[in-house]
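To start, the structure itself, in structure tokens.
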Amino acid sequence: MSIRRFLPRATSELPTADGSARARARIPAASRPLRCAAALAALLGLTACSTRDEAPVHQGAALAHPTAVTPADYEFPLAWAGDYTFRWSAAGDIDLGAPEAAVVRAFAESTQVALSVGARLAYPGYAEVIPNGKWLRIPDGGAYPPGAAEGDWKLRWAGTFLGRILRIQPDASGFTAMYCLDDVDVAESYDAGATYTWRQDQPGKPPRGLPVWLTVRSTAAPADPEAPAADTAGATGVDARTTEFGHRRAPNYDVFEGWTITDVTATAPRDAEAAALAAACTAWALDNPHINPAYLAETPSRVPADQLPEAAPPLPGWGIRIAE
Numbered sequence: 033m034s035i036r037r038f039l040p041r042a043t044s045e046l047p048t049a050d051g052s053a054r055a056r057a058r059i060p061a062a063s064r065p066l067r068c069a070a071a072l073a074a075l076l077g078l079t080a081c082s083t084r085d086e087a088p089v090h091q092g093a094a095l096a097h098p099t100a101v102t103p104a105d106y107e108f109p110l111a112w113a114g115d116y117t118f119r120w121s122a123a124g125d126i127d128l129g130a131p132e133a134a135v136v137r138a139f140a141e142s143t144q145v146a147l148s149v150g151a152r153l154a155y156p157g158y159a160e161v162i163p164n165g166k167w168l169r170i171p172d173g174g175a176y177p178p179g180a181a182e183g184d185w186k187l188r189w190a191g192t193f194l195g196r197i198l199r200i201q202p203d204a205s206g207f208t209a210m211y212c213l214d215d216v217d218v219a220e221s222y223d224a225g226a227t228y229t230w231r232q233d234q235p236g237k238p239p240r241g242l243p244v245w246l247t248v249r250s251t252a253a254p255a256d257p258e259a260p261a262a263d264t265a266g267a268t269g270v271d272a273r274t275t276e277f278g279h280r281r282a283p284n285y286d287v288f289e290g291w292t293i294t295d296v297t298a299t300a301p302r303d304a305e306a307a308a309l310a311a312a313c314t315a316w317a318l319d320n321p322h323i324n325p326a327y328l329a330e331t332p333s334r335v336p337a338d339q340l341p342e343a344a345p346p347l348p349g350w351g352i353r354i355a356e
């Protein structure tokens with residue numbers, strides 16, 4: 033299961049739908065989670081290993097469920113989400129370190145994390161800025177079983193999610209963005225990491241990217257729609273562009289501060305521009321080198337990941353926010 037499985041087909045609600053054989057056997061078609069990221073999807077600033085991200089805890093160990101902490105104390109929930117990372121690129125002159133791009137990255141990564149631990153325990157600030165659609169308001173413990181007040185805490189991923197920001201368009205009240213997720217080289221587990229299966233979206237068909245459109249509003253935006261674009265540094269005087277990239281899988285500050293996300297869409301393109309972006313997403317995903325054997329013609333639709341894919345170092349990763 034990945035973000036793709038949870039992303040809405042409409043802006044208000046997203047049916048859950050996972051393409052793997054294991055997921056199809058366990059999750060009803062009407063409520064399967066999004067493919068990941070997505071992540072939602074996905075999902076998420078991660079790294080292969082670091083002094084702050086410890087090795088996964090043995091599955092037999094008795095672990096207390098994670099709890100909400102202050103942003104400064106936030107750590108990527110490796111033991112509960114799995115050993116995976118995100119590596120990002122961007123089209124044109126989009127700066128991955130700009131505040132708008134950081135919000136896009138944090139949303140995608142947070143959505144993925146939420147599938148395993150819940151929206152409240154994803155990146156700092158995520159639960160406060162996302163729309164109220166049920167597909168994003170995932171309870172503690174993750175997205176399975178659908179509709180439960182608490183998930184089963186058993187969803188895990190391993191490997192590397194690839195993300196690409198294809199558009200960021202500022203306007204007077206914030207910005208709109210479109211990003212693409214490639215979750216092909218990721219394995220998924222529905223039994224708390226005891227076994228993993230390679231991700232597969234559509235058996236017998238080539239991999240494809242997941243395009244996602246966001247509408248983001250600045251909480252400091254002027255009321256006059258004709259007014260100049262809002263100062264995205266926010267009233268705190270803290271600017272995400274002063275944040276150093278780093279090895280962290282997740283930020284220990286609120287990337288979403290000063291923003292609210294009003295719309296998330298993964299529907300079919302509604303105009304020529306959106307169609308062109310969706311086509312660019314597909315082309316990019318097809319052009320990426322992949323190691324997932326589930327997409328080879330001679331392999332079955334369900335391929336166990338006996339040797340887990342490695343989590344590559346996160347790119348650009350998350351550093352420490354610096355106040356001006």
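Residue numbers for the sequence shown follow the numbering used here, beginning at 33 and rising by one.
Glycine included, C-beta positions come from ideal geometry on N, C-alpha and C.
Check, Outcome
"Quick one: residues in its chain with C-beta nearer than 6 Å to the C-beta of I162, no 5 flanking neighbours on either side, listed in chain order?", "L168, I293"
"In terms of residues, what are the limits of the alpha helix (DSSP H) holding A130?", "Counting along the chain, A130 falls outside any alpha helix (DSSP H), and DSSP gives it neither H nor E."
"Between C81 and L153, what straight-line distance do the alpha-carbon atoms span, to the nearest angstrom?", "With a pLDDT of 31 at C81, under the threshold of 50, the predicted position of this residue should be treated as unreliable, though the coordinate-derived value follows. Looking at the two C-alpha atoms, the distance is approximately 21 Å."
"When DSSP labels each residue in this structure, what does L347 get in the three-state scheme?", "strand"
"Could you tell me the alpha carbon to alpha carbon distance between A311 and D215, rounded to whole angstroms?", "17 Å"
"At 4 residues or longer, what runs of the alpha helix (DSSP H) sit wholly inside the stretch 156-217?", "158-161"
"Residues in its own chain within less than 6 Å of G114 by CB, not counting five upstream and five downstream?", "R188, W189, A190"
"When you compare the CB positions of V357 and L213, do they come within less than 8 Å of one another, or not?", "Any answer about residue 357 is impossible in this case: the structure gives the chain only from 33 up to 356."
"Consult DSSP for A272 and reduce its assignment to one of helix, strand or coil.", "Residue confidence is low: A272 scores 44 on pLDDT, short of 50, so the model does not pin down where it sits. No coordinate-derived value is stated."
"Does the separation of the CB atoms of W112 and P103 fall below 8 Å?", "no"
"Per DSSP, W245 is paired with what?", "M210, T297"
"Tell me whether A311 sits in a helix, a strand or coil according to DSSP, three-state version.", "helix"
"If I'm right that A343 touches Y116 with Cβ under 8 Å, what's the distance once you round it to whole angstroms?", "5 Å"
"Given that a residue counts as buried once 16 or more other Cβ atoms are within 10 Å of its Cβ, and exposed if not, what is I200?", "buried"
"Can you look up F139 in the DSSP assignment and give me helix, strand or coil?", "helix"
"Smallest Cα separation from E160: which of S333, A308, F288, T299?", "F288"
"Between N164 and L95, what straight-line distance do the alpha-carbon atoms span, to the nearest angstrom?", "30 Å"
"Let's test the definition: count the other Cβ atoms within 10 Å of the Cβ of Q339 and tell me whether it reaches 16, buried, or not, exposed.", "exposed"
"Identify whether R152 lies in helix, strand or coil by the three-state DSSP scheme.", "helix"
"Assign A337 to one of two classes, buried (16 or more other C-beta atoms within 10 Å of its C-beta) or exposed (fewer than that).", "buried"
"Where do the N-terminal and C-terminal ends of the beta strand (DSSP E) with A122 fall, by residue?", "116-122"
"With DSSP run on the structure shown, which of helix, strand or coil describes P325?", "helix"
"Measuring alpha carbon to alpha carbon, tell me which of S148, A282, T331 ends up nearest G119.", "Correcting the residue type first, residue 119 is Arg in the shown sequence and not Gly. When only C-alpha atoms are compared, the closest one is A282."
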